[in-house]
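Novice: Here it is: the structure, laid out below.
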Amino acid sequence: MTPLKPAPVTRPGDVVDTHTHMFSVPLFAEFIASNPDANPRFKRALQERKFGKRNETLPDLDASTMAEWYAQRIHDAGVAKALVVSVIEDSQYTRDFLVAARGHVHALAYVDPRTPYAAALLEREMAAGFKGVKLLPVNRSYRLSDPACRPFFEKAAELKAPMIVHYGVTVDPTGDMRYADPTDLSPVARDFPEITFVIAHFGAGYLHEALRLCYQCKNVCLDSSGTNNWMDYDPNGYTLGDVFLRSVTALGPERVLFGTDSGTTAPYRKWIKHQQLRTLEEIGLSEKDRDLIARGNAVRVFGLDD
15 MTPLKPAPVT
25 RPGDVVDTHT
35 HMFSVPLFAE
45 FIASNPDANP
55 RFKRALQERK
65 FGKRNETLPD
75 LDASTMAEWY
85 AQRIHDAGVA
95 KALVVSVIED
105 SQYTRDFLVA
115 ARGHVHALAY
125 VDPRTPYAAA
135 LLEREMAAGF
145 KGVKLLPVNR
155 SYRLSDPACR
165 PFFEKAAELK
175 APMIVHYGVT
185 VDPTGDMRYA
195 DPTDLSPVAR
205 DFPEITFVIA
215 HFGAGYLHEA
225 LRLCYQCKNV
235 CLDSSGTNNW
245 MDYDPNGYTL
255 GDVFLRSVTA
265 LGPERVLFGT
275 DSGTTAPYRK
285 WIKHQQLRTL
295 EEIGLSEKDR
305 DLIARGNAVR
315 VFGLDD
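Set out below in structure tokens:
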């Protein structure tokens, strides 16, 4: 593949995917070498060279080749830039990936905010080019309101590091639903207005709780990423149009961000992109508001054109 040229600044009409994933054989190998007690799910993925719900083949690409492959992949889908949300901590592979991606693909670092080194790691990752943080309280079984997380959020406020937080249901079989309610974020978002928090997947089954939190804390946003199949179990019988319209009505178009939750072991989710962008038209949003959701908000919140 040809090394990438620097990514141009996005323009109205472009699409930016705010929530994607990146997995590879070298990434898992790096993680497991440093974490012998790693999640058995990751160990099995490395051993079998397969990952994901359908057990698809993991790409075996070095960081530079992965960046070129990933950029070509999103561009082929009509996406100008993407934001990878990391689930593996302190990864040199991902740092090298970001250098090679040259602004076509950005990333959020994964940090466990409970750890005594969390603040220092965040500062190092932001200096390395990460655009913020992905937090996984459901998957890793902790509460962001835990006082142990406080030094991390103090550093994040100093750095103005935005965050995507996964609440609600999860495909990770090790997840713990006791930590799924986004209301737990309330005292943190209240006390750290400098930080922008984005609740992933419309709250993944906790839409009402997420909307209440967004009403209380103006620094909390929603992303639309994923299949949103949590709607199948919601007693309100929502359609995707209902969810978008309710979110935009409650928050305004400036606080809803588009995403697909695409990974690397399956094809890019063009159908989710098509479905969501079509839905924004069908519910009657203006071209300006559609551009905010599909591009502008991600660029503003995460600095993707900087």
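Sequential numbering of the sequence shown, starting at 15, is according to this note's numbering.
Glycine included, every Cβ here is placed at the ideal spot set by N, Cα and C.
These numbers come from a predicted model, not from an experiment.
1. Beta-carbon separation of T108 and A121 under 8 Å?
2. What would DSSP say about S276, mapped onto helix, strand or coil?
3. From this set, T71, K95, P165, which residue's C-alpha is nearest F272's C-alpha?
4. Does the region 205 to 216 come close enough to the region 168 to 177 to have 3 or more Cβ pairs within less than 8 Å?
5. Going by the beta-carbon positions, is the gap between H118 and A21 smaller than 8 Å?
6. Have a look at the DSSP bridge pairing and note the partners of T71.
7. On a Cα-Cα basis, can you pick out the residue from H33, L135, D110 that is closest to K169?
8. According to DSSP, which residues form a beta bridge with I209?
9. Closest to L60 by CA distance: which of S48, D76, L41 is it?
10. Do C228 and R269 come within 8 Å of each other at the CB atom, strictly closer than that value?
11. Within the region 171 to 250, note down every full alpha helix (DSSP H) run reaching 4 residues or more, in order along the chain.
12. Thinking C-beta only, is Y156 closer than 8 Å to Y220?
13. If we ignore side chains and look at the alpha-carbon of each, how far apart do E44 and D104 end up?
14. Just verifying my parser: in three-state terms, what is the DSSP assignment at S105?
15. Identify which residue in F216, E223, L225, R116 has its Cα closest to the Cα of Q290.
16. In terms of DSSP beta bridges, what is Y4 paired with?
17. Does the beta-carbon distance from P267 to D237 come in below 8 Å?
18. Comparing C-alpha positions only, which one of K19, A132, D246 sits nearest to G146?
19. Helix, strand or coil: how does DSSP classify L271 here?
20. Starting from the Cα of V185, find the closest Cα among R25, L150, L225, R164 and give me that residue.
21. Considering only residues of the same chain and omitting the five flanking positions on each side of M191, which have a CB-CB separation below 8 Å?
22. Just to confirm, is the Cβ distance from D114 to E82 under 8 Å?
23. Once the 5 residues before and after A123 are set aside, which same chain residues still bring their CB inside 6 Å of it?
24. Does DSSP put D319 in a helix, a strand or coil?
25. What number of angstroms, rounded off, separates the C-alpha of F56 from the C-alpha of P161?
26. For the candidate residues L225, D205, F206, whose alpha-carbon lies nearest to that of A214?
27. I need the boundaries of the beta strand (DSSP E) containing V30, first residue and last residue.
Specialist: For this structure:
1. Result yes, Cβ atoms of T108 and A121 sit closer than 8 Å.
2. Looking at S276 - three-state DSSP - the assignment turns out to be strand.
3. Ranked by how close their Cα comes to the Cα of F272, the residues T71, K95, P165 have K95 in first place.
4. In short, these stretches touch, since the Cβ pair count reaches three.
5. Cβ distance < 8 Å, so H118 and A21 count as in contact.
6. Under DSSP, T71 takes part in a beta bridge, and its partners are K64.
7. The shortest CA-to-CA distance from K169 to any of H33, L135, D110 is the one to L135.
8. According to the DSSP secondary-structure assignment, I209 is paired through a beta bridge with no residue.
9. For L60, the nearest C-alpha among the options comes from L41.
10. The answer is yes: Cβ separation under 8 Å.
11. Runs of the alpha helix (DSSP H) lying entirely within the region 171 to 250, each at least 4 residues long, are 200 to 205, 221 to 230 in chain order.
12. Taking 8 Å as the Cβ cut-off, Y220 and Y156 do not qualify as a contacting pair.
13. For E44 and D104, the distance between alpha carbons rounds to 10 Å.
14. In this structure, S105 counts as coil in the three-state DSSP scheme.
15. If we check each option's Cα against that of Q290, F216 comes out closest.
16. The structure shown does not extend to residue 4, since the chain is modelled only from 15 to 320, so the question has no answer here.
17. Cβ distance not < 8 Å, so P267 and D237 don't count as in contact.
18. It is A132 whose Cα lies nearest to the Cα of G146.
19. L271 sits in a strand when the DSSP states are folded into three classes.
20. Put simply, of R25, L150, L225, R164 the residue whose alpha carbon is nearest the alpha carbon of V185 is L150.
21. Within the same chain, M191 has close Cβ partners V152, V183.
22. For clarity, residue 114 is Ala in the given sequence; the question names Asp instead. With respect to the 8 Å criterion, A114 and E82 are classified as neighbours on the basis of their beta carbons.
23. The residues S100, E139, F144, V147, in chain order, have a CB closer than 6 Å to that of A123 in the same chain once the five nearest residues on each side in sequence are set aside.
24. The answer is coil: DSSP assigns D319 none of H, G, I, E or B.
25. Spanning the two alpha carbons is a distance of roughly 29 Å.
26. Nearest C-alpha to A214 among L225, D205, F206: L225.
27. That run of the beta strand (DSSP E) goes 30 to 34.
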